[in-house]
Structures are given as structure tokens and as C-alpha cells.
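Visitor: The sequence shown: position 23 = 23 (full-length UniProt numbering), numbered continuously.
Using N, Cα and C, we set each Cβ at its ideal position, and we do this for glycine too.
Please read through the structure below; I'll follow up with questions.
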Amino acid sequence: MLQIRDLNVSYGSIHAVRGLSLQVGAGEVVTLIGSNGAGKSTTVNAICGTISSQGSIQYNGKELNGRSTHDIVKDGIVMVPEGRKVFPKLSVVQNLLMGAFSRKASKAELTQDIDFVFGLFPRLAERKSQFAGTMSGGEQQMLAIGRALMAKPKLLILDEPSMGLAPIVVKDIFETIRIIKKQGLTTLLIEQNASMALSVADRGYVMEHGEIRFHDTAHNLRTQDNVKKAYLGH
Numbered sequence: 001m002l003q004i005r006d007l008n009v010s011y012g013s014i015h016a017v018r019g020l021s022l023q024v025g026a027g028e029v030v031t032l033i034g035s036n037g038a039g040k041s042t043t044v045n046a047i048c049g050t051i052s053s054q055g056s057i058q059y060n061g062k063e064l065n066g067r068s069t070h071d072i073v074k075d076g077i078v079m080v081p082e083g084r085k086v087f088p089k090l091s092v093v094q095n096l097l098m099g100a101f102s103r104k105a106s107k108a109e110l111t112q113d114i115d116f117v118f119g120l121f122p123r124l125a126e127r128k129s130q131f132a133g134t135m136s137g138g139e140q141q142m143l144a145i146g147r148a149l150m151a152k153p154k155l156l157i158l159d160e161p162s163m164g165l166a167p168i169v170v171k172d173i174f175e176t177i178r179i180i181k182k183q184g185l186t187t188l189l190i191e192q193n194a195s196m197a198l199s200v201a202d203r204g205y206v207m208e209h210g211e212i213r214f215h216d217t218a219h220n221l222r223t224q225d226n227v228k229k230a231y232l233g234h
């Protein structure tokens with residue numbers, strides 16, 4: 001579904017992503033892990049067209065590099081950005097409806113989709129009229145994921161969904177990712193929390209200093225000594 005070959009991104013004299021290649025197959029959950037500053041979010045921004053890059057980014061055989069972010073979203077690629085970026089002065093329901101702005105959906109369809117999100121995140125249902133800016137970080141992350149699902153993505157990109165959240169909330173977020181996985185939604189998961197990411201992913205890529213250092217099944221990465229020592233706290 002997603003095929004990246006020899007991706008390079010530079011900020012002035014800083015070569016942030018160096019010859020990166022990765023692929024995400026239909027129905028897979030693939031994780032890109034690495035420490036802060038490794039180049040993970042830069043890679044995501046290149047996929048979504050928010051920064052310039054060199055190399056090939058193909059989605060279902062169509063080249064994305066050079067296309068607008070708006071067109072990329074219309075093709076079915078939806079990102080939950082790092083830092084959540086909800087609309088603070090809009091309610092929960094209004095934020096969810098904003099996620100469906102690119103769709104031509106009936107009121108009944110939108111209501112059904114909101115009910116689906118509320119089923120995943122009952123806490124959002126309890127706060128459906130609350131302004132997003134007054135919610136906790138964990139609730140905002142739930143809302144950001146729900147808003148992305150309202151767009152009916154074919155490829156969901158989650159950029160650091162556990163960042164800054166309490167461990168119990170992180171557990172809830174990753175349980176939701178497991179539910180989404182069971183429904184067959186193709187997902188690219190960007191994470192610093194390597195242990196959690198590899199527990200839910202099918203395959204993983206380990207990124208260091210702008211380059212892919214390791215690539216294997218999630219199970220194999222969890223058992224490799226060099227990966228365990230560097231990223232899993234063993």
C-alpha cells in the first residue's frame with residue numbers, strides 16, 4: 001500500500017532523513033520507532049506533504065511526493081499529529097465532525113460514525129459537549145484519534161500517540177490500536193515507546209540519526225539483544 005524508497009529530507013545543512021526506505025502492506029500495523037530527534041516525525045511530515053523531500057513515496061502505486069496535503073488526505077491517508085492539535089474552542093462533537101470535512105456523508109452516516117467513536121472511547125461520549133481545550137491530555141489524544149477515524153482513512157498514521165500521557169492512559173490508547181487493527185485498518189505507528197509499539201505491530205523499523213538501522217517482524221525486534229538494550233530497557 002505504502003512504499004517509500006530513498007527518502008531524503010534536509011533542513012538547511014541538517015540532513016534529517018537519509019535514504020530511508022520502508023513499506024506498509026494493506027491491513028498491517030507497522031511501527032517506526034526511535035529516540036527523540038531520530039527523524040520519525042520528519043518522515044511522517046514528508047509522507048503527508050507538509051514538508052519538501054526527495055525520493056519516492058508511493059501509495060497504491062501513485063506517487064505522492066510533490067502533491068498537496070489536501071489531495072493526499074482525499075486519497076485516504078490521515079494523520080493524528082504529534083501533540084494532538086485538537087480545536088480547543090470547539091466541542092468534542094464539533095471536533096469529530098471536523099474530521100469528516102472531506103467526506104460527502106449524510107447526517108445519519110455521521111451520527112453512526114460518531115457513535116462508533118464513542119464506543120471506542122466512552123469518555124468522549126461523557127464529554128461530548130465539552131470544549132476540547134478544557135480536556136486532559138489523554139482525552140485530547142482520544143479525540144484526535146476519533147477525529148481521524150471520522151475521515152474514514154485507508155491508511156492511518158499515528159505520530160507519537162503516547163507522548164506525555166500517564167501509563168494507564170497509554171494502555172487505553174494501545175488497546176484502541178489493537179481494536180483498530182482487528183478491523184483491518186492499515187496503520188503506520190510512530191513511537192518512542194518501543195515496547196508498547198512492538199507489542200501491537202506486525203513489523204517494525206528502528207530509526208537512528210535519520211536512517212533505518214534495523215527492520216524485522218515486531219516479534220524478532222523484541223528479542224534482538226541490540227534492540228532490547230537500546231530501546232526496551234533491558
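Are the CB atoms of Tyr205 and Leu32 nearer to each other than 8 Å?
Guide: Yes; because the gap between Cβ atoms is below 8 Å, this pair is in contact.
Visitor: Does the region 184 to 196 come into contact with the region 107 to 115, if we say contact requires no fewer than three beta-carbon pairs (one atom in each stretch) closer than 8 Å?
Guide: Too few Cβ pairs lie closer than 8 Å, so no.
Visitor: Going by C-alpha distance, which of Val227, Gly27, Arg18 and Leu96 is nearest Arg178?
Guide: Here the closest residue by C-alpha is Gly27.
Visitor: Rounded to whole angstroms, what's the CA-CA distance from Met98 to Lys74? Just pull it up for me.
Guide: Rounded to whole angstroms, Met98 to Lys74 spans 14 Å at the Cα level.
Visitor: Exposed or buried, what is Ala148 when buried is set at 16 or more other beta-carbons lying within 10 Å of its beta-carbon?
Guide: So Ala148 counts as buried.
Visitor: Which residues in the same chain as Arg222 place their Cβ atom closer than 6 Å to its Cβ, once the five residues preceding and following it in sequence are excluded?
Guide: Here the set comprises Leu198.
Visitor: Would you tell me roughly how many angstroms separate the C-alpha atoms of Lys62 and Thr176, rounded to the nearest one?
Guide: About 30 Å.
Visitor: Do the region 160 to 171 and the region 8 to 28 meet, that is, are 3 or more Cβ pairs less than 8 Å apart?
Guide: Too few Cβ pairs lie closer than 8 Å, so no.
Visitor: Taking the runs of the alpha helix (DSSP H) that are 4 residues or longer, which of them lie wholly in the region 181 to 227?
Guide: For the region 181 to 227, whole alpha helix (DSSP H) runs of length 4 or above, ordered along the chain, are 194 to 200 and 218 to 223.
Visitor: Tell me whether Phe131 sits in a helix, a strand or coil according to DSSP, three-state version.
Guide: Note: Phe131 maps to strand in three-state DSSP.
Visitor: Output the distance between the C-alpha atoms of Gly138 and Glu211, rounded to the nearest integer angstrom.
Guide: Taking the straight line from one Cα to the other gives about 31 Å.
Visitor: Taking all protein chains shown into account, do 16 or more other C-beta atoms lie within 10 angstroms of the C-beta of Ser129, making it buried, or fewer, making it exposed?
Guide: Label assigned to Ser129: exposed.
Visitor: Give the DSSP-derived three-state secondary structure of Ile114 in the structure shown.
Guide: Helix.
Visitor: At which residues does the beta strand (DSSP E) containing Pro137 begin and terminate?
Guide: Here the sequence assigns Gly to residue 137, which means Pro is not the residue at that position. Gly137 -> not in any beta strand (DSSP E); alpha helix (DSSP H) instead, spanning Gly137 to Leu149.
Visitor: Can you have a look at Lys160 and say buried or exposed, based on whether 16 or more other CB atoms are within 10 angstroms of its CB?
Guide: Per the sequence shown, the amino acid found at residue 160 is Glu instead of Lys. It is buried - the Cβ of Glu160 has at least 16 other Cβ atoms within 10 Å.
Visitor: Roughly how many whole angstroms lie between the Cα atoms of Met142 and Gly34?
Guide: Met142 and Gly34: Cα-Cα distance of roughly 23 Å.
Visitor: Which residues in the same chain as Gly19 place their Cβ atom closer than 6 Å to its Cβ, once the five residues preceding and following it in sequence are excluded?
Guide: Taken in chain order, the residues that qualify are Asp6.
Visitor: How many angstroms separate the CA atom of Leu185 from the CA atom of His15?
Guide: Roughly 32 Å separates the two Cα atoms.
Visitor: May I ask which residues mark the beginning and end of the beta strand (DSSP E) holding Leu7?
Guide: First-last of the beta strand (DSSP E) with Leu7: Leu2 to Tyr11.
Visitor: DSSP state of Gly55, grouped into three classes?
Guide: Correct three-state label for Gly55: strand.
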